[in-house]
Amino acid sequence: MSGHENHPGSSAMAGGSHGSLARAYYRVKPFVPRGLRWLMRRVRIPGIMKRHSGVWPIDEASCVKPHDWQGWPEGRRFALVFTHDVESQTGVDRTRDLAELEMAYGFRSSFNFIPEGPYPDPVELRGWLRENGFEVGVHDLNHDGHLYESREGFSRKAKSINRYLGKWGAVGFRSGFMLRQLDWLHDLNVLYDMSTFDTDPFEPQPEGSHTIFPFHVRPPEGVKGPGYIELSYTLPQDSTLFLLLREKTPEIWQRKLDWLAAHGGLALVNIHPDYIDFTGRGNPSETYPSALLQEFMEYIHSRHQGMYWNPLARELALWFRTRSSAAPPESPQSPPNHDPASP
Ligand SMILES: [Zn+2]
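Using the working numbering, the final residue of the sequence shown is 358, and nothing's skipped along the way.
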């Protein structure tokens, strides 16, 4: 299928630039009110929906299993990973409520914080998350849309990111706005990156990884290092469903989860505490009720209990890397697009 040509690691996926128009957008973005930003994004929805109706929220071509795939640990049918990007002080303030909601359902997750962004380093909160079995990761550096503007600039910023990774004991990274240059990420001391998605035409760099499995991004020729594991999110972001598309139920999450389970893939979601209304008094254009999350978690329990593996992102990445390093070299006969880890 033609939709499968841009497998992970291909240039369209790894590189691609988000273009001068997008760069101009990020320059003026801080001055555009948030309500207007959502409006500007909503105007484009009908066109995007029409062009991508066959590949979102489900891209059937993305369920091809990695080379030599032997399934998830403990004989589980699929993997379920919760991740969170904390975008603002509001998100920091709501992190504990979200973590507690997850604990009530027996889930654990990763929270990614912006090191030099709109809020001070939440030292105590990071400690509390760790003590309760959650993971802390790094989300961008400044979260201003400029991370990948130049190669030199990225190398310089990578040094700062590495400093925070070390200081926070973190091994995972995700860029702001899902911008990415997978080849450059070898500058980071990470076990895994999560700046990609299987399919999400609503993002500024809309090319998907076209896989619902993890893959190993190996360094290019001449570059030293072990590479890193790429974990694409495969369930739409909460902001896309409930703020952009204004869905009133978690039906799309549920339908996609059932499909991911049926194909034995990785169900990975990015939920922002910033947008969750835990009080019932939130502004409906900027938040959605926490009841939607609860409904989704109830659904997971009632439909898929005992079927999934719910590791932290770093546990899954470590498991996959160990498995991937032990795997025999790829057979030259295998079709090139069938192993997402192939260069
Ligand atoms: Zn973000």
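We treat Cβ as the ideally placed atom computed from N, Cα and C, and that holds for glycine. From a predicted model like this one, the values you see are computed outputs, not experimental measurements.
Check your understanding: For S339, which residues of its own chain have a beta-carbon under 6 Å away from its beta-carbon, when the five flanking residues on both sides are left out?
Key -> H231
**Study point:** Buried/exposed call for P229, threshold 16 Cβ in 10 Å
**Key:** Under this definition P229 is a buried residue.
Point to revise | alpha helix (DSSP H) runs wholly inside the segment 35 to 111, at least 4 long, in chain order | key: 49 to 58, 60 to 67
Check your understanding: Among residues of its own chain, excluding the 5 on either side of E100, which ones have a beta-carbon nearer than 7 Å to its beta-carbon?
Key -> The question names Glu, but residue 100 in the sequence shown is Asp. Excluding sequence neighbours, D100 sits near N127, H154, R189, N285, H287.
Practice item. Determine the closest residue to G132 out of T105, G181, S210, D213, with distance taken between C-alpha atoms. Key: T105
Check your understanding: Under the criterion of a Cβ to heavy atom distance below 8 Å, does G191 qualify as lining ligand 1?
Key -> The nearest non-hydrogen atom of ligand 1 is less than 8 Å from the C-beta of G191.
Point to revise | Sequence-distant residues of its chain with Cβ nearer than 7 Å to I374 (five each side left out) | key: The structure shown has nothing for residue 374, since the chain only spans 16 to 358.
Exercise for review: Could you have a look at L162 and say whether DSSP puts it in helix, strand or coil?
Suggested key: coil
Check your understanding: Using the C-alpha atoms, what's the distance from G240 back to G50?
Key -> 43 Å
Check your understanding: Would the segment 307 to 325 and the segment 69 to 86 be scored as touching if the rule is three or more Cβ pairs under 8 Å?
Key -> no
Exercise for review: Assign L307 to buried or exposed, taking buried as 16 or more other Cβ atoms, counted over all protein chains shown, within 10 Å of its Cβ.
Suggested key: buried
Check your understanding: Among the residues of its own chain, which have a CB less than 6 Å from the CB of R178, if the five just before and after it don't count?
Key -> none
Check your understanding: At which residues does the alpha helix (DSSP H) containing H231 begin and terminate?
Key -> H231 -> not in any alpha helix (DSSP H); beta strand (DSSP E) instead, spanning 230 to 232.
Exercise for review: Could you give the DSSP three-state label for A282: helix, strand or coil?
Suggested key: strand
Review point. What is the rounded straight-line gap between the Cα of S17 and the Cα of A332?
Key: Residue placement at S17 is poorly supported in this model, since its pLDDT is 34, which falls under 50; the coordinates still yield a value, given next. So the alpha carbons of these two residues sit roughly 29 Å apart.
Check your understanding: If G160 sits next to G187, beta carbons under 8 Å apart, how far is it from one beta carbon to the other, in whole angstroms?
Key -> In fact, because the Cβ distance is near 21 Å, the residues do not count as touching under 8 Å.
Point to revise | heavy atom of ligand 1 below 8 Å from E131 C-beta | key: no
Check your understanding: Since Y314 is in the alpha helix (DSSP H), which residue starts that stretch and which ends it?
Key -> 305 to 319
Point to revise | Ordered list of beta strand (DSSP E) runs contained in the segment 245 to 289, each at least 3 residues | key: DSSP assignment within the segment 245 to 289 yields the following whole beta strand (DSSP E) runs of 3 residues or more, N-terminal first: 281 to 285.
Check your understanding: Around the Cβ of W84, are there at least 16 other Cβ atoms within 10 angstroms (buried) or fewer (exposed)?
Key -> Exposed, because fewer than 16 other Cβ atoms sit within 10 Å of the Cβ of W84.
Check your understanding: What's the call for T264, buried or exposed, on a 16-neighbour Cβ count within 10 Å?
Key -> exposed
Practice item. Whole angstroms is fine: what's the gap from A27's alpha carbon to N157's? Key: In this predicted model, A27 has a pLDDT of only 41, less than 50, meaning its place in the structure is not dependable; the value taken from the coordinates is given anyway. Each residue's alpha carbon lies about 25 Å from the other.
Practice item. Please indicate yes or no: does the CB of E146 lie closer than 8 Å to some heavy atom of ligand 1? Key: no
**Study point:** Cβ pair H319, L272 closer than 9 Å
**Key:** H319 places its beta carbon less than 9 Å from that of L272.
Review point. Measuring CA to CA, which of D202, E146, A277, K182 is closest to K172?
Key: Among D202, E146, A277, K182, the Cα nearest to that of K172 belongs to D202.
Exercise for review: Pull up the DSSP beta-bridge partners for Y323, would you.
Suggested key: F93
Review point. Which term fits H225, buried or exposed, when burial requires 16 or more other beta carbons within 10 angstroms of its beta carbon?
Key: buried
Review point. Out of E222, L180, L113, which has the shortest C-alpha to C-alpha gap to H67?
Key: E222
Practice item. Answer yes or no: the CB of E301 versus the heavy atoms of ligand 1, is any distance below 8 Å? Key: no
Point to revise | R329 - DSSP class collapsed to helix/strand/coil | key: When secondary structure is reduced to three states using DSSP, R329 falls in the helix class.
Check your understanding: Is the beta carbon of R56 less than 9 Å from the beta carbon of F217?
Key -> yes
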